[in-house]
Structure formats: C-alpha cells, structure tokens
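K.L.:
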Amino acid sequence: MEPGASRPDTGSRFDAPRRTQPARQSHRHLLDHFWVLTDLVIILAVGVYLAIEPGLYTHGFLRLIPRGKRDRGAQVLHAVKHSLWWWLLGQMTAMAVIGVLKTLGLWLLGVPLPLTLGLLAALLTFIPNFGPITAGTVATLVALTESSMKALYTILLAIGVQFIESHLVTPLVQREAVALPPAFTISGQVLMGALLGFRGLVFAVPLLAASLVVVKMLYIEDVLGEPAEVEGEQEAGDHSQKNASEAWAPP
1074 MEPGASRPDT
1084 GSRFDAPRRT
1094 QPARQSHRHL
1104 LDHFWVLTDL
1114 VIILAVGVYL
1124 AIEPGLYTHG
1134 FLRLIPRGKR
1144 DRGAQVLHAV
1154 KHSLWWWLLG
1164 QMTAMAVIGV
1174 LKTLGLWLLG
1184 VPLPLTLGLL
1194 AALLTFIPNF
1204 GPITAGTVAT
1214 LVALTESSMK
1224 ALYTILLAIG
1234 VQFIESHLVT
1244 PLVQREAVAL
1254 PPAFTISGQV
1264 LMGALLGFRG
1274 LVFAVPLLAA
1284 SLVVVKMLYI
1294 EDVLGEPAEV
1304 EGEQEAGDHS
1314 QKNASEAWAP
1324 P
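Just so you know, we're using this note's numbering here: the sequence shown kicks off at 1074 and counts up by one.
Shown next, in the form of structure tokens:
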C-alpha cells in the first residue's frame, strides 16, 4: 500500500447486514400483522355469508344424509346453530363491554393510547383465555413507559374488567350456549393453535362447542341411549319434521 493512501473500510461491509436486520424484522412484523388482519376479514366475510343465507348451506349438507336420517340431521344442525348463535352473541357483547370499560379505565389512569388499547382489548376478547391475557400484557407494557404504579393499576383494571365480563356479562348472555369445561377449552385452543396458528385460536372454541353438541346428540343419546342436556334440541325437534318435508325434498 502506498504511503498516504487510505485503507479500505472493510468494517462497513460487515456492519451492513447488522444495519439491515432491524428493517427485516420490521418487515416481517408488518407481514405478520397483515396476515392476521386478512384472517379476521376472511372470518368476518364467511360469517356474514353464513348469516345471510344459512339455508343454502344446510340444505346442501342435509342432502348428503340418507333420507331416513334427515330429521335427526336437521335437529343436530339446529342445535349447533342455536349454541353457536348464543356463543357469538355473548362474545360480541363481551367485546363491547370490555372495549368501553378498558378505554374509560385507561383514560382515567392517564395511560397513553387508551382508545387504541381499548379497541385492541375488545378485538382480542373474541379469543377466549389467550386474547385477554395478550391485551392486558400490551396495555401494561404501554403503562410501564409512564410509571410502575400506572402499570400496576393497569393490571388491576384488567383483572376487574375481566371479572365483570366473566361473572356478569357472559353468563347472562350465553345461558343458552353449550357449557365448555375450562380445561377442555384451553387444551383445544393449544392444539388448534399449534396446528393452524392464529386461525386455530380463533376457530377453536366455536368448533369445540359444535363438536360437543354433535357428540351429545349422536353418540350419548343415539348410540349409548343416555339422556344429554342440549340447549335448543327441543326447539329443533319441533321444527325438524317441517324442515325435512319441505326443504330437503328432491326437486
């Protein structure tokens, strides 16, 4: 090397990948959030189509069942619909209550972004067990940027709001829905989440509720001959004959 010549900056070449790592991580996080929002939009769209024209899908499904079993099939579908409707109504009500209470509570505590955190808590309430924990953790971390006391008050607020939702709102609204044992629910969520990721967590509880209704009616009642309490089954029996004779008759 000639005297006075500058040495090549080899360090910058090694530092470049390090500088690009945060950008790559941010890009990955944005993609993850995009796919989560996409999943939510798809779930809502499917729910809207099923709510607008439920008969279109149940008619086609019942045509796959032998004619002599269609009455029972209609009863099972009606009981599943009854249970899922009350579960969904309970979740929507809980989301609204938690969103309002969390927003007001965080605003009174002086926590930054109370409306955003309240909306996040409302949306994550749709995922039982894991959703409220995630929302509470995010709110606590935001409050921790202000002071440790605000973080403590935020934790107490989350516990209080969750107590109101779990012991007052949900039991009142979901009294007609199927009762899922907590251990059964959490195990199903963990399994579905491991298999399907975020989609599994979202669909785990309604799928478990529908499966429990089917097991009670088709296995416990029909196979074992034991009585099983299923909400909406009596109402389904009152209408099954009409549905089978009118809706499922071949053209």
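Don't be surprised by glycine CBs; every beta carbon is placed ideally from N, CA and C.
Quick caveat: nothing in here was measured; it's all calculated off a predicted structure.
Quick one: grab the DSSP three-state call for I1228.
P.N.:
Translated into the one-based positions of the sequence shown, residue 1228 becomes position 155. I1228 carries a helical assignment under DSSP once its states are collapsed to helix, strand and coil.
K.L.:
Which residues in the same chain as L1281 place their Cβ atom closer than 8 Å to its Cβ, once the five residues preceding and following it in sequence are excluded?
P.N.:
Sequence index remark: in the sequence shown, residue 1281 carries index 208 (1-based). Excluding sequence neighbours, L1281 sits near L1253, F1257, T1258, G1261.
K.L.:
Which whole-angstrom value is the C-beta distance of W1159 and P1279, which I expect to be below 8 Å?
P.N.:
By 1-based counting over the sequence shown, the position of residue 1159 is 86. By 1-based counting over the sequence shown, the position of residue 1279 is 206. Not a contact, Cβ separation roughly 11 Å.
K.L.:
May I have a chain-ordered list of the alpha helix (DSSP H) segments no shorter than 4 residues that lie completely inside the stretch 1181-1209?
P.N.:
1187-1197
K.L.:
Count the other CB atoms, across all protein chains shown, that sit within 10 Å of the CB of S1156; report buried if there are 16 or more and exposed otherwise.
P.N.:
In the sequence shown, the residue the question calls residue 1156 occupies position 83. Label assigned to S1156: buried.
K.L.:
Please state the DSSP three-state secondary structure of D1295.
P.N.:
What you label residue 1295 is simply residue 222 of the sequence shown in a count that begins at 1. In the structure shown, D1295 sits in coil (DSSP, three-state: anything other than H, G, I, E or B).
K.L.:
Ignore the nearest five residues each way along the sequence and tell me which others in A1322's own chain have a CB closer than 7 Å to its CB.
P.N.:
Along the sequence shown, read from residue 1 onward, the residue named residue 1322 stands at position 249. The predicted position of A1322 is uncertain, since its pLDDT is 43 and thus under 50; a value taken from the coordinates is nonetheless stated next. There are no such residues.
K.L.:
So, at 6 Å on beta carbons, what are the nonlocal neighbours of G1146 in its own chain, with the 5 sequence-adjacent residues on each side left out?
P.N.:
Residue 1146 sits at position 73 when you count from the first residue of the sequence shown. Contacts found: L1135, I1138.
K.L.:
Tell me, to the nearest whole angstrom, how far the beta carbon of F1199 is from that of M1168; I am working on the premise that it is less than 8 Å.
P.N.:
Mapped onto the sequence shown, residue 1199 falls at position 126. Mapped onto the sequence shown, residue 1168 falls at position 95. About 6 Å; that satisfies the 8 Å criterion.
K.L.:
For R1272 and A1195, I'd like the C-alpha separation in whole angstroms.
P.N.:
As a first step, residue 1272 is located in the sequence shown; it is residue number 199 there, counting from the start. As a first step, residue 1195 is located in the sequence shown; it is residue number 122 there, counting from the start. So the alpha carbons of these two residues sit roughly 18 Å apart.
K.L.:
Nearest to K1154 by alpha carbon, out of S1284, V1296, P1300, A1301?
P.N.:
Looking up residue 1154 in the sequence shown gives position 81. Closest by alpha carbon: S1284.
K.L.:
Less than 8 Å between the CB atoms is what I'm expecting for V1170 and V1242, so what's the real figure, rounded?
P.N.:
In the sequence shown, counting from the first residue as 1, residue 1170 sits at position 97. In the sequence shown, counting from the first residue as 1, residue 1242 sits at position 169. Rounded, the Cβ-Cβ distance is 5 Å, consistent with contact.
K.L.:
Within the continuous alpha helix (DSSP H) that includes S1239, where are the two ends?
P.N.:
The count along the sequence shown starts at 1 and reaches residue 1239 at position 166. Here S1239 belongs to no alpha helix (DSSP H), and DSSP marks it neither H nor E.
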